[in-house]
Amino acid sequence: MGHSHDQHGHSHAHGHAHDHSHGHTCGHDHDHDHPNTELDAATLAALDESIPDQDLSPTEVSRRTLLRSAGILGGTAALAVTGAQAAAAATPQTVPGWIFQEGKRPNHWLAGDHHIHTQFSSDAMYRVIDQARHAAAYGLDWLVITDHGGATHARIGVDLVNPQIKAARSELRDTLIFQGFEWNIPAAEHGTIFVAPGSREVEVLKQFENDYDGSVKNASSNSPANEALAVSGIQWLGQQVDQRRVQDALFLANHPARNGIDSPHEIRNWRDADPRIAVGFEGAPGHQAAGLPASIGGASARGFYGNSPNANSFPGYPAESYRTWGGFDWFTSTVGGLWDSLLAEGKPWWISANSDSHTNWNETARRPDGSSQDQFNRDGRYMDPVYGNAANKTAGDFWPGYYSRTHVGTERRDYLSVMEGLRAGRMWVDHGMLAKGVEVEVREVGRKYGESLGGALLVRRGRPVELVVRITTQTMPNWANFLPTLNRVDAIRGAVKGAVSDRDTFTAPDTKVVRQWDTSGKRGTFELVLPLGEAEEPFYVRVRGTDGNRSQPGYLGAAIDPAGPKLDVVGDADPWVDLWFYTNPIWVLPKK
1 MGHSHDQHGH SHAHGHAHDH SHGHTCGHDH DHDHPNTELD AATLAALDES
51 IPDQDLSPTE VSRRTLLRSA GILGGTAALA VTGAQAAAAA TPQTVPGWIF
101 QEGKRPNHWL AGDHHIHTQF SSDAMYRVID QARHAAAYGL DWLVITDHGG
151 ATHARIGVDL VNPQIKAARS ELRDTLIFQG FEWNIPAAEH GTIFVAPGSR
201 EVEVLKQFEN DYDGSVKNAS SNSPANEALA VSGIQWLGQQ VDQRRVQDAL
251 FLANHPARNG IDSPHEIRNW RDADPRIAVG FEGAPGHQAA GLPASIGGAS
301 ARGFYGNSPN ANSFPGYPAE SYRTWGGFDW FTSTVGGLWD SLLAEGKPWW
351 ISANSDSHTN WNETARRPDG SSQDQFNRDG RYMDPVYGNA ANKTAGDFWP
401 GYYSRTHVGT ERRDYLSVME GLRAGRMWVD HGMLAKGVEV EVREVGRKYG
451 ESLGGALLVR RGRPVELVVR ITTQTMPNWA NFLPTLNRVD AIRGAVKGAV
501 SDRDTFTAPD TKVVRQWDTS GKRGTFELVL PLGEAEEPFY VRVRGTDGNR
551 SQPGYLGAAI DPAGPKLDVV GDADPWVDLW FYTNPIWVLP KK
């Protein structure tokens, strides 16, 4: 399965081998030596309730019977079947999203960044090797080059950046470097699109950009036709994987709440279009240096989240949604908000964090004389950066790995394993190296192992279950040269209710913080255990942690979230004094 340059380099100590993950994956199995490939195909067929029982094979009938007895199919328990549920008109064809299989425990936790720009973006400046070398130096194992989609990039940029990416792969053999681009999602915001390396990576990315990019197709405005084009693009990517043009492809939405134009139903439609491809959004956007105060920075809005509604914005979002909260997007930072509304449907949808690096704070490089917008439009790239003799204090970005990290649990150090870990939700994210390792599992009381991040614990109804959070505190100073301290960890729990009747729902009334642990003074590796009671109805749990410097009651009130992240102040939001980590969820699905 692995890429020809299967990586066997160093492994960061982000976790331990006993992080037992019986994860589910979405869609077909790319791991051709996996023993459950046939089983997964049977599950896929069994989950598709449009296929009558008599058309199933004996194995598929057996699997459907098991799923029904477990409460996964039929009645209100259809929460796990997202493909056939109430799909909007813009979603003509869908794929079931939950395929249960026995996953393998992560052998590695690999830190990475899926949102990085270079001189092939009209608003950026660095070479691929500049970004990749800094990413490696700052502790990242993988990264995705995502230059902006648009006419010039679609015409020649996709082709031109590829040799630089291949050269960087050869130069930095311990670093996994993906080629992607930043999609102008029709009728919506931006998103990362990337594929597994291979002989047709340029061909597939270029065809996708020319056929489905909102800027290229003049499809940026909010209309049903443009929304349908976005859905079609996601489905087309899935077809390229099915046809083996590329081994894998993924889409994650970027800075989703920044302009208010990613409406809840659009996010649901993307996800339902092909859950193997559309897997999540940025829980925390890049541009984290942008809020540094004027004495040392640009005094803008953290994440460049300083906007207000426009003609294409979803009218239901409040003014507070256009700002970051503790550096995180409002969709993620609000307990009981939009992210939780997806999880409460039983929809796997994951969060990430990254740099969105264009021009980095305190950097001395600049574009050379003669490198202009006209020159970029002609050549598809800016000229190589040169020494600028002055530090750029007003830039809003950090180098990849300098501040934001997405940690992915993988079986191996290779491209397809990283993509599978992202798809399976085996991820936690942090700012400022707040923690060295975060492992989370839900297990039946008395059992040694349970389900890890992104997983779903199938447990007999009435059995007691518990949440176990294993933290390894940071031992190294971060890149601001202080040792961060994790002073509080929160557990968040939500009931799973199944599909919503209104696909523009962005609240989950049953989700709230159920435990806050004071972890100040703790060092080394320690465990936090929370009894979750007897498993009677389906639910999920997720975890976050903080240095505790800036908190306020959550947007939906203190009864839901007594001490959540604080609304970031435009012009005065030093990211280093406000550090958080977030994990992806784990579900508990009781069976009869």
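What the sequence shown shows, in the UniProt record's numbering, is residues 1 to 592, in sequence order. Where a beta carbon is used, it is the ideal one built from N, C-alpha and C, also for glycine.
**Request:** Go through its chain and collect everything with a Cβ distance to aspartate 262's Cβ below 7 Å, but skip five positions before and after it.
**Result:** Ala188, Glu189, Ala253, Pro256
**Message:** Across the stretch 467-476 and the stretch 426-443, are there enough close Cβ pairs to call them in contact, namely three or more that are closer than 8 Å?
**Reply:** yes
**Request:** If I'm right that histidine 115 touches glycine 286 with Cβ under 8 Å, what's the distance once you round it to whole angstroms?
**Result:** 6 Å
**Prompt:** Would the beta-carbon of methionine 419 fall within 8 Å of that of leucine 453?
**Reply:** no
**Prompt:** Quick one, are the C-beta atoms of aspartate 568 and tryptophan 325 less than 8 Å apart?
**Reply:** yes
**Prompt:** Which residues mark the beginning and the end of the alpha helix (DSSP H) in which histidine 265 is found?
**Reply:** 264-273
**Item:** Cβ-Cβ distance between phenylalanine 539 and valine 496 below 8 Å
**Value:** yes
**Request:** Starting from the Cα of glycine 283, find the closest Cα among Ile145, Phe328, Asp574 and give me that residue.
**Result:** Phe328
**Request:** Determine the contact status of alanine 137 and threonine 359, defining contact as a CB-CB distance below 8 Å.
**Result:** no
**Asked** Roughly how many angstroms lie between the CA atoms of valine 518 and glycine 157, to the nearest whole one?
**Response** Just to set this straight, residue 518 is aspartate in the shown sequence, not valine. Rounded to whole angstroms, aspartate 518 to glycine 157 spans 50 Å at the Cα level.
**Residue span of the alpha helix (DSSP H) that contains proline 531, given as start and end** = Note, proline 531: premise wrong, no alpha helix (DSSP H); beta strand (DSSP E) at 525-534.
**Where glutamate 537 falls: helix, strand or coil (DSSP)** = coil
**Asked** When you compare only the Cα positions, how much space is there between tryptophan 270 and alanine 228?
**Response** 10 Å
**Request:** Whole angstroms is fine: what's the gap from threonine 91's alpha carbon to alanine 535's?
**Result:** Only weak support exists for where threonine 91 lies, its pLDDT of 31 falling under 50; the value from the coordinates is given anyway. If you take the alpha carbons of threonine 91 and alanine 535, they lie about 34 Å apart.
**Request:** Using three-state DSSP, classify alanine 344 as helix, strand or coil.
**Result:** coil
**Asked** Which of the three DSSP states, helix, strand or coil, is assigned to alanine 80?
**Response** In this prediction, alanine 80 has a pLDDT of 37, which is less than 50 and means its spatial position is unreliable; what the coordinates show is noted afterwards. In the structure shown, alanine 80 sits in a helix (DSSP, three-state: H, G or I).
**Request:** Can you check DSSP and say which residues form a bridge with tryptophan 339?
**Result:** Beta-bridge pairing links tryptophan 339 to no other residue.
**Prompt:** Do you know offhand how far lysine 217's Cα is from tryptophan 183's?
**Reply:** 12 Å
**Asked** Under the rule that 16 or more other beta-carbon atoms within 10 Å means buried, what is glutamate 527, buried or exposed?
**Response** exposed
**Asked** Who are the Cβ neighbours of asparagine 226 in its own chain at under 6 Å, not counting the five residues just before and after it?
**Response** Pro186, Ala187, Ala219
**Asked** Any idea which residues DSSP pairs glutamate 282 with across the strands?
**Response** Ser352
**Presumed contact (8 Å Cβ cut-off) between valine 204 and glutamine 179, rounded CB distance** = Not a contact, Cβ separation roughly 10 Å.
**Item:** Alpha carbon of proline 163 to alpha carbon of arginine 173, nearest angstrom
**Value:** 15 Å
**Request:** Given a cut-off of 8 Å, decide if alanine 301 and residue 616 are closer than it, judged by their beta-carbon atoms.
**Result:** Missing from the structure shown is residue 616; the chain here goes from 1 to 592 and no further.
**Prompt:** Between the C-alpha atoms of proline 585 and histidine 153, what's the straight-line distance to the nearest angstrom?
**Reply:** 36 Å
**Request:** Following the continuous alpha helix (DSSP H) through tyrosine 555, name the residue where it begins and the one where it ends.
**Result:** Note, tyrosine 555: premise wrong, no alpha helix (DSSP H); not H, not E.
**Backbone secondary structure at alanine 301 - three-state DSSP** = coil
**Prompt:** Does the separation of the CB atoms of tyrosine 126 and proline 385 fall below 8 Å?
**Reply:** yes
**Message:** Could you compute how far the alpha carbon of glutamine 239 sits from the alpha carbon of glutamate 209?
**Reply:** 15 Å
**Item:** Collapsed DSSP secondary structure at valine 570 in the structure displayed
**Value:** coil
**Prompt:** Does DSSP put leucine 467 in a helix, a strand or coil?
**Reply:** strand
**Message:** For isoleucine 193, list the residues DSSP reports as bridge partners.
**Reply:** Phe181, Phe251
**Request:** Can you have a look at alanine 573 and say buried or exposed, based on whether 16 or more other CB atoms are within 10 angstroms of its CB?
**Result:** buried
**Item:** Within the stretch 387-444, ranges of the beta strand (DSSP E) (whole runs, at least 3 residues)
**Value:** 404-410, 427-431, 435-444
**Request:** Mind reading off the beta-carbon distance from glutamate 201 to valine 246? Whole number of angstroms is fine, and I expect it under 8 Å.
**Result:** 6 Å
**Asked** Start and end of the alpha helix (DSSP H) containing phenylalanine 331?
**Response** 330-333
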